[in-house]
């Protein structure tokens, strides 16, 4: 009972003093802002994870499509195109490499 009374007396002292009350209220607001910021960060992280899942799914689908596109010699024309495009340092060099 004594410790409970001390807690109540401390709370009353904080609430009755305008300076302490202001600091107490500011802490509550700061805590609420931190919680909101954390919620936003978690939401953004979930969006990033979802985009990554979609990217991986699309990449997997493209790989499956490439596999289906292979002709009877095991040649994948889209793979050749991608390799040539990646190796070209710019559009001009890429065009030149196709002409040779």
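Residue numbers (my numbering): 48 to 147.
Yeah, the Cβ is synthetic: ideal placement off N, Cα and C, and Gly gets one too.
Predicted model only: the values in this text are computed from it and were never measured.
Remark: C-beta atoms of residue 61 and residue 53 do not approach each other more closely than 7 Å. Annotated three-state conformation of residue 80 is helix, per DSSP. It is roughly 12 Å from the alpha-carbon of residue 49 to the alpha-carbon of residue 57.
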